[in-house]
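As C-alpha cells, the structure follows; a few thoughts come after it.
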Amino acid sequence: MKDNRDSLDFSTEPVGKLFRRMFLPTLIGMVSMVVLNITDGAFVGHGVGSDALAAVNIVAPLFLIMAGIGLMFGIGSSVVASIHLSKGNNHAANINLTQGILASVMAGTVVGGAVFLFQEDTCRLFGCSDVLLPQACSYLRWIALLMPFNLFGMTAMFMVRLDGSPRFAMVMNCGMAMLNILLDYILIYPMQMGLEGAAIATTIAFTLGNIPIVIYLLRHTKTVHLYPIKRTRTSLALSLRNIAYQTKIGFSALLGELAIASIIIVGNYVFLKYLGEDGVAAYSVGCYCLPIVFMMGNAIVQSVQPIISFAYGVGDVERLAKARAIALRTALMFGVLGMCFIALGADTISGIFLRTDCRAYDLCREGLPYYSPAFLIIAVNIVLIGYMLSTEAARPATLFTLLRGFIFSIPSFIVMPQIVGVSGLWIALPVAEAMTMVLMLAAQGRQYSHPLRP
Numbered sequence: 113m114k115d116n117r118d119s120l121d122f123s124t125e126p127v128g129k130l131f132r133r134m135f136l137p138t139l140i141g142m143v144s145m146v147v148l149n150i151t152d153g154a155f156v157g158h159g160v161g162s163d164a165l166a167a168v169n170i171v172a173p174l175f176l177i178m179a180g181i182g183l184m185f186g187i188g189s190s191v192v193a194s195i196h197l198s199k200g201n202n203h204a205a206n207i208n209l210t211q212g213i214l215a216s217v218m219a220g221t222v223v224g225g226a227v228f229l230f231q232e233d234t235c236r237l238f239g240c241s242d243v244l245l246p247q248a249c250s251y252l253r254w255i256a257l258l259m260p261f262n263l264f265g266m267t268a269m270f271m272v273r274l275d276g277s278p279r280f281a282m283v284m285n286c287g288m289a290m291l292n293i294l295l296d297y298i299l300i301y302p303m304q305m306g307l308e309g310a311a312i313a314t315t316i317a318f319t320l321g322n323i324p325i326v327i328y329l330l331r332h333t334k335t336v337h338l339y340p341i342k343r344t345r346t347s348l349a350l351s352l353r354n355i356a357y358q359t360k361i362g363f364s365a366l367l368g369e370l371a372i373a374s375i376i377i378v379g380n381y382v383f384l385k386y387l388g389e390d391g392v393a394a395y396s397v398g399c400y401c402l403p404i405v406f407m408m409g410n411a412i413v414q415s416v417q418p419i420i421s422f423a424y425g426v427g428d429v430e431r432l433a434k435a436r437a438i439a440l441r442t443a444l445m446f447g448v449l450g451m452c453f454i455a456l457g458a459d460t461i462s463g464i465f466l467r468t469d470c471r472a473y474d475l476c477r478e479g480l481p482y483y484s485p486a487f488l489i490i491a492v493n494i495v496l497i498g499y500m501l502s503t504e505a506a507r508p509a510t511l512f513t514l515l516r517g518f519i520f521s522i523p524s525f526i527v528m529p530q531i532v533g534v535s536g537l538w539i540a541l542p543v544a545e546a547m548t549m550v551l552m553l554a555a556q557g558r559q560y561s562h563p564l565r566p
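Counting from 113, one number per residue, gives the positions in the sequence shown under my numbering.
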C-alpha cells in the first residue's frame, strides 16, 4: 500500500508535470474499464446473442444514472475539499469528503431499491420491447443491487486521488476490471448463465473491489481522512448544508450522465421504430463505445480538477490558464484518436460485438462512421464543463449540460432521421454535441478574460 502513494504538491509543482503524474495512472485505470466494457459486450454479443446485447442497452441508462450520482458527489466533495486544502483547512476538507461518500451510498441505496422493486416498469420506461423484456429484467435486478457498492467506490476514488495516490486508484480499477472479465467468461461460457451471468460477474467484481479501498481510507491516508459524523441536530443540519452545496457544484455532472441516459433511451425508441430489435442491437455497439470517450474525458477532468480547484482557491491565474490549456490539448488529442478509431474500424468494431451473419452487424458497420465525430466533440465538451465545475461555476455548467443532453439532442434524434433518413439516427448525437460546443466556446471565450469569476 505504501508504494502506491505519491507526493503531490498542488501549490508549487509545475502544472504539466503534476497533470502527467495525476493523469497517467488515472488514464490507465480508465482504460482498464474501457477494456472491461468492450470485453463484456463481446462476451454478451457472441456468447448470448444480439438480443441480449440489445437488452443490455435497455439497461445502460441505469449505469449512467449510477455514474452521475457518483460524479455529482465525487466532484462536489472533491472541489470543496480542494479549496479548503488550499487554505489550510484540512478539518473542513475531511468533513466534506466523508459527507460526500455517505450521501452517495445513501442515494445509491434509495435509487437501487426503487429500481429493484419496479424492474419491468423501469425497463419499459427505458424503451424495452416485449421480446427483450425477460433478458433486460434478469440483467437489471443485479445492477440495481450493485448501486450502493459501486457508488461508494466511485466517490471514494476521488478522495484517494485527492490524497495523492492516483496509482492506488489505478490498481483498484485495473483489478476490478480484470476480475469482472474473468467472471464474465466463467459465468457466460462454462456455466452457461447467459445475460444474468454477466450481471452477476459485474456485481461480484465491483463489490469485492471496494474492500481494499475501505482499508486504504481507514488506515493508509496521509493528507485527507474519513471523519466521524456527529449525530447532533446541529451537526446534521451542517451536514445537510454541506451536501446541498456539493450537490450544487456537482449537479451538472449528474445532469450530464442523465442527459446521455436520455439520449440512449430516446435512441432505443427511435432505433426500435425504424429498424426493430436489430437496430437497437446495432445502436448498442455505439453506446458500448461511448464510454471510451467519456472515460478519457473524465480521466482528464478528474486529473486536472484538484490542480484547477487548488489554483482557483489561492487565486493563481497563471496556473489556472496552464491547467485549462493542457486539459483541452489532451482532450483534442484523444478525441481525434477516438473519432478515427470508430470511423476507420467500423467493420472490426461491429465484429467484436456482433456475429457477422446477423442483420445487426450490417446496420452497425454502416452507421458507426456517421457516429464517429461525436467522440471528438464530446471529449472537448466534457473538459470545458469540467473546468466550470472545478471553479465553482455550477450555473453555466448546468446550462450547457441541459443544452447538450436534452434541448439539442432529443429534437435532433427526432428530426435528423426525417431529414436525411436512417443515417440521421447516427448523426443526431454529433449534431447536438457540436451545437453545444460552439456556444460553450463562445461563452468561455468571453468569460476567460476573468478566469477567477464563476
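We treat Cβ as the ideally placed atom computed from N, Cα and C, and that holds for glycine. If you're wondering where the values come from, they're calculated on a predicted model, not measured in any experiment.
Three-state secondary structure (DSSP) of residue i
i, result
"histidine 337", "coil"
"threonine 503", "coil"
"serine 82", "The chain is shown only over 113 to 566; residue 82 falls outside these bounds and no answer can be derived."
"methionine 178", "helix"
"glutamine 414", "helix"
"threonine 548", "helix"
"proline 302", "coil"
"histidine 332", "coil"
"aspartate 115", "The pLDDT assigned to aspartate 115 is 42, lower than 50, so where the model puts this residue is not dependable, and the model offers no usable value."
"aspartate 469", "coil"
"arginine 436", "helix"
"asparagine 201", "coil"
"leucine 514", "helix"
"glycine 321", "coil"
"phenylalanine 131", "helix"
"serine 277", "coil"
"serine 123", "coil"
"leucine 294", "helix"
"serine 484", "coil"
"lysine 342", "coil"
heavy atom of the ligand NAP below 7 Å from residue i C-beta
i, result
"phenylalanine 131", "Absent from the structure shown: the ligand NAP. Ligands present: none."
Closest Cα partner of residue i within the set the options
i, options, result
"glycine 90", "Ala433, Ile150, Asp163", "The displayed coordinates of the chain run from 113 to 566. Any statement about residue 90 would go beyond what the structure contains."
"alanine 310", "Tyr339, Leu252, Arg279", "Leu252"
"isoleucine 181", "Met218, Thr210, Gly379, Ile207", "Met218"
"isoleucine 490", "Thr138, Asn410, Gly128", "Asn410"
"leucine 444", "Ile494, Ala281, Gly161, Pro529", "Ile494"
"proline 340", "Arg471, Asp474, Gly212", "Gly212"
"isoleucine 140", "Gln414, Lys342, Phe175", "Gln414"
"valine 127", "Ala555, Phe422, Leu475, Arg471", "Phe422"
"leucine 197", "Leu475, Pro137, Ile325, Pro418", "Pro418"
"methionine 266", "Pro529, Phe175, Met552", "Phe175"
"tyrosine 400", "Tyr297, Ser123, Ala373", "Ala373"
"isoleucine 312", "Leu338, Pro302, Tyr357, Leu295", "Leu295"
"isoleucine 298", "Pro485, Asn202, Val156", "Val156"
"threonine 468", "Gly287, His337, Gly161, Ala371", "Gly161"
"phenylalanine 270", "Leu370, Asn322, Phe453, Leu209", "Leu209"
"arginine 568", "Pro523, Leu488, Gly447, Ser535", "No answer is possible for residue 568: the residues shown for the chain start at 113 and end at 566."
"glutamate 389", "Ser347, Val448, Ile195, Cys470", "Cys470"
Cutoff 7 Å; reference residue i; Cβ partners in own chain excluding five residues on either side
i, result
"threonine 510", "Phe363, Ser364, Leu367"
"leucine 148", "Ala289, Asn292, Ile293"
"threonine 315", "Trp254, Leu257, Leu258"
"threonine 234", "Val227, Leu252"
"alanine 506", "Lys360, Ile361, Phe363, Ser364"
"isoleucine 497", "Ser364, Gly368, Ala509, Phe512, Thr513"
"isoleucine 539", "Tyr482, Met528, Val532"
"glycine 159", "Ile300, Tyr301"
"glycine 391", "Phe383, Leu384, Leu475"
"alanine 554", "none"
For residue j and residue i, believed in contact at Cβ under 8 Å, the rounded distance
i, j, result
"isoleucine 404", "glycine 457", "About 12 Å separates the two Cβ atoms, so there is no contact after all."
"leucine 440", "valine 492", "7 Å"
"glutamate 308", "serine 250", "4 Å"
"alanine 204", "leucine 274", "Not really, about 13 Å apart at Cβ, beyond 8 Å."
"methionine 145", "methionine 407", "6 Å"
"leucine 537", "tyrosine 357", "Contact doesn't hold; Cβ gap of about 40 Å is too wide."
"histidine 337", "asparagine 201", "Not really, about 14 Å apart at Cβ, beyond 8 Å."
Residues near residue i in its chain [Cβ-Cβ closer than 6 Å; skip 5 each side]
i, result
"arginine 436", "Tyr499"
"arginine 117", "Confidence at arginine 117 is low in this model, with a pLDDT of 42, below 50, so the placement of that residue should be treated as unreliable; the coordinate-derived value is given next. Once the five neighbours on either side are set aside, the close Cβ partners of arginine 117 are Ser277."
"proline 173", "Phe238, Ala373, Ile376, Ile377"
"glycine 220", "Met259, Pro260, Leu263"
"isoleucine 412", "Ala439, Thr442, Ala443, Val495"
"serine 215", "Here the sequence assigns alanine to residue 215, which means serine is not the residue at that position. Result list for alanine 215: Phe185, Ile355, in chain order."
"methionine 134", "Pro278, Ser415"
Close Cβ partners of residue i (< 8 Å) along its chain, the five nearest in sequence each way excluded
i, result
"isoleucine 438", "Val127, Gly128, Phe131, Val416"
"glutamate 232", "Leu245, Cys249"
- prompt: Is the number of C-beta pairs between the segment 473-481 and the segment 164-175 that are closer than 8 Å three or more?
  reply: no
- prompt: Just checking, does the segment 182-201 make contact with the segment 359-367 on the three C-beta pairs under 8 Å criterion?
  reply: With a cut-off of 8 Å on Cβ pairs, the segment 182-201 is in contact with the segment 359-367, counting three or more such pairs.
message: For the structure I just gave you, are there three or more beta carbon pairs, one from the segment 374-381 and one from the segment 458-466, closer than 8 Å?
response: Short answer: they don't touch.
message: With a threshold of 8 Å, are at least 3 pairs of Cβ atoms found where one atom belongs to the segment 342-353 and the other to the segment 222-232?
response: no
query: Three or more C-beta pairs closer than 8 Å, one from the segment 512-524 and one from the segment 536-548: is that the case here?
result: yes
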